[in-house]
Every structure is written in C-alpha cells, then in structure tokens.
Amino acid sequence: MTRPLPPAIVACRMQSHRNAIPPAIETLDIAEETPVSLTFNAMPHGVMMATPLDLEDFVTGFALTEGIVPAASALKGMTVRVEAEHIQV
Numbered sequence: 505m506t507r508p509l510p511p512a513i514v515a516c517r518m519q520s521h522r523n524a525i526p527p528a529i530e531t532l533d534i535a536e537e538t539p540v541s542l543t544f545n546a547m548p549h550g551v552m553m554a555t556p557l558d559l560e561d562f563v564t565g566f567a568l569t570e571g572i573v574p575a576a577s578a579l580k581g582m583t584v585r586v587e588a589e590h591i592q593v
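Mind the numbering: the sequence shown is residues 505 to 593 in the working numbering, read in order.
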C-alpha cells in the first residue's frame, strides 16, 4: 500500500502580536517540513528536512551539488516512498 505524501502547507491558529492590542487570533498557512531520506544506488546519503513539494527537483539539486552525478541527465530514475516516519527517495 502506498501512503500519500504528508501535507506541505498546514493551517495553524496562532496569536498575532503585530499591531493588535490585545493580540489577535488568526489562522496562517505554514510550510511543514518532514524528514527526507536520500538513497542513491542503494547507498544512503543522508536525511534532510524538507517540504514534500518538488522532491524530484530537490533530489536532483542535491545529487548535482554533492557530485553524486555529473549532470541531471545522469539520473535515470527516481522513486518516492512514504515510510512511517519519513519520505524515502
């Protein structure tokens, strides 16, 4: 069974102290991060905190920056799995 990705944006109710006296209660959209485990060719490379948006771009940028691949075209496939505690890419 494939689990859905966790939400990237969550609505949070909080007190706002901007210009309100007394503080106002408002709902704001907040980006929520989740642990993302990166594995290349069955070799783990790390766990990063990230939003679950645009994971393919995130992984491609990580692989290029860390020198795991010489060019984006060298990535031949990518699988995203949602585990109990984290996302496995």
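Backbone N, C-alpha and C fix where the C-beta goes; we use that ideal spot for every residue, glycine too. Note that the structure is predicted; figures quoted are calculated from it, not measured.
Taking a cut-off of 8 Å for Cβ pairs, the segment 532–539 and the segment 548–563 touch, as three or more such pairs fall below it. Shown here, residue 531 sits in a strand according to DSSP, grouped into three states. When 543, 523, 587 and 551 are compared, the shortest CA-CA separation from residue 579 is found for 543. Rounded to the nearest angstrom, the gap between the Cα atoms of residue 560 and residue 547 is 18 Å. Counting the other Cβ atoms within 10 Å of the Cβ of residue 563 gives 16 or more, which makes it buried.
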